[in-house]
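Trainee: Position in the sequence shown (first residue = 1) + 3 = my numbering.
Cβ atoms here follow ideal geometry from the backbone N, Cα and C, with glycine treated the same way.
Quick caveat: nothing in here was measured; it's all calculated off a predicted structure.
Let me begin by handing over the structure; questions about it come next.
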Amino acid sequence: MKLYMFEHCSLCFRVRMTAALKGAHLQEMPVLDDDTETMTKLVGKRVIPILIKDDGMAMLESMDMVKYIESLGKPLLTGPERPEIAAWADAVIHRTALLTMPRYPLLGLPEFATAAALNHYRFRKRKVFGDFVELLANTRRYIAELTPDLEALDGMIESPEAINGALSLDDVRVLPLLRSAAVVKGLKMPSKVRSYFETMMERTGYAPLPEV
Ligand SMILES: N[C@@H](CCC(=O)N[C@@H](CS)C(=O)NCC(=O)O)C(=O)O
């Protein structure tokens, strides 16, 4: 299987963590941010992640990819799911984005390896999220706005090894968002969140992203 991906992409990390936890082979194919041609050749449009299965068929939905990988070999994500965890993840992504979007291009990630790719990202994200200098200058406010979410999550974590006690799709919803939030220097994760994040990242074998 091949995964066309951006290193900073939390939807991509859903797929990567699932393959890693299952011990499934996944060939990671980093794409430059301005390389729309590669995506279009594969699936006719600009989108990431793209999973190309061993039979050559493409998948475009990250959760479908996760479920497909989960269907291979011994089941792993067998734990219960809680609707409040999915609701937490849906709500929090809007608040983390204001902190993470202006930071990703500062981390030396492969998708920004050329000046053209870097500015392609800055140009298109600025249209959606606003001026990056202003976003970074508002870091304290955005951290303060995110802190109650992290505290709420702290109260929902059942084990550092699985949010609901046994691994489930809820871990796939939450861990990639924490990996993204962890790029923010000065963001304090409450103790259970921190312990869950560190334990789970260790289990996946992926190092956290740098923080800035
Ligand atoms: N529902 C899709 C959403 C995929 C998606 O929105 N990908 C974003 C990146 S995270 C994308 O391709 N954006 C277009 C772009 O980067 O230009 C999934 O879960 O995989």
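(1) Please report the residue range of the alpha helix (DSSP H) in which Ile96 lies.
(2) For Gly82, which residues of its own chain have a beta-carbon under 7 Å away from its beta-carbon, when the five flanking residues on both sides are left out?
(3) Between which residues of its own chain and Ser13 is the CB-CB distance below 8 Å, once the five residues before and five after are set aside?
(4) Does the separation of the CB atoms of Pro163 and Thr202 fall below 7 Å?
(5) When you compare only the Cα positions, how much space is there between Thr39 and Cys15?
(6) Using a threshold of 7 Å, state whether the C-beta atoms of His123 and Asp37 are closer than that.
(7) Cutting at 7 Å between CB atoms, please list the residues of its own chain near Val46, excluding the five before and the five after it.
(8) For Glu154, does the count of other Cβ atoms within 10 angstroms reach 16, so buried, or fall short, so exposed?
(9) With 16 as the cutoff for other CB atoms within 10 Å, does Asp174 come out buried or exposed?
(10) Assuming Glu10 and Glu114 make a contact with CB atoms under 8 Å, what is their CB distance in whole Å?
(11) Using 10 angstroms around the beta-carbon of Tyr148, count the other beta-carbons present and answer buried if the total reaches 16, otherwise exposed.
(12) Would you call the CB atoms of Leu109 and Leu138 closer than 7 Å?
(13) Hey, quick one: how far does the alpha helix (DSSP H) through Lys130 stretch, first residue to last?
(14) According to DSSP, is Ala23 helix, strand or coil?
(15) Measuring CA to CA, which of Ile72, Leu121 and Ala185 is closest to Leu35?
(16) Quick one: Cα of Glu161 to Cα of Met68, how far?
(17) With a 10 Å radius around its C-beta and 16 neighbouring C-beta atoms as the bar for buried, classify Pro105 as buried or exposed.
(18) Is Ala184 helix, strand or coil by DSSP?
Mentor: In this structure, then:
(1) By 1-based counting over the sequence shown, the position of residue 96 is 93. Run containing Ile96: Pro86 to Thr103, per the alpha helix (DSSP H) assignment.
(2) Along the sequence shown, read from residue 1 onward, the residue named residue 82 stands at position 79. Excluding sequence neighbours, Gly82 sits near Ala165, Asn167, Gly168, Ala169, Leu170 and Ser171.
(3) Residue mapping note: residue 13 aligns to position 10 of the sequence shown, counting from 1. Close CB contacts of Ser13 within its chain, under the 8 Å cut and outside five residues either way in sequence, are with Ile96, Pro179, Leu180, Arg182 and Ser183 (chain order).
(4) Here residue 163 refers to the residue found at position 160 when the sequence shown is read from its first residue. Here residue 202 refers to the residue found at position 199 when the sequence shown is read from its first residue. Pro163 is a Cβ neighbour of Thr202, given a cutoff of 7 Å.
(5) Locating residue 39 in the sequence shown gives position 36, counting from the first residue. Locating residue 15 in the sequence shown gives position 12, counting from the first residue. Rounded to whole angstroms, the separation of the alpha carbons of Cys15 and Thr39 is 17 Å.
(6) The count along the sequence shown starts at 1 and reaches residue 123 at position 120. The count along the sequence shown starts at 1 and reaches residue 37 at position 34. Yes; because the gap between Cβ atoms is below 7 Å, this pair is in contact.
(7) Taking the first residue of the sequence shown as position 1, residue 46 is located at position 43. Hits under 7 Å: Ile53, Ala61 and Leu63.
(8) Working through the sequence shown from its first residue, we reach residue 154 at position 151. By the neighbour-count rule (16 or more Cβ atoms within 10 Å), Glu154 is not buried but exposed.
(9) Here residue 174 refers to the residue found at position 171 when the sequence shown is read from its first residue. The residue is buried, with at least 16 neighbouring Cβ atoms inside 10 Å.
(10) Taking the sequence shown and counting its residues from 1, one reaches residue 10 at position 7. Taking the sequence shown and counting its residues from 1, one reaches residue 114 at position 111. In this structure, Glu10 and Glu114 form a Cβ contact; the two beta carbons are roughly 6 Å apart against a cut-off of 8 Å.
(11) For the purposes of this step, residue 148 is taken as the residue at position 145 of the sequence shown. Sequence check: residue 148 is Glu here, not Tyr. Around the beta carbon of Glu148, a 10 Å sphere encloses fewer than 16 other beta carbons of the protein chains shown; the residue is thus reported as exposed.
(12) The residue labelled residue 109 in the question sits at position 106 within the sequence shown. The residue labelled residue 138 in the question sits at position 135 within the sequence shown. Taking 7 Å as the cut-off, the beta carbon of Leu109 is found no closer than this to the beta carbon of Leu138.
(13) Position 127 of the sequence shown, counted from the first residue, corresponds to residue 130. For Lys130, the uninterrupted alpha helix (DSSP H) segment begins and ends at Ala118 to Phe132.
(14) The residue labelled residue 23 in the question sits at position 20 within the sequence shown. If DSSP states are grouped into helix, strand and coil, Ala23 belongs with the helices.
(15) Taking the sequence shown and counting its residues from 1, the one referred to as residue 35 is at position 32. Of Ile72, Leu121 and Ala185, the residue nearest in Cα terms is Leu121.
(16) The residue labelled residue 161 in the question sits at position 158 within the sequence shown. The residue labelled residue 68 in the question sits at position 65 within the sequence shown. Straight through space, the alpha carbons of Met68 and Glu161 are spaced by roughly 26 Å.
(17) Counted from its first residue, the sequence shown places residue 105 at position 102. Pro105 should be labelled buried.
(18) The residue you call residue 184 lines up with position 181 of the sequence shown. Helix at Ala184.
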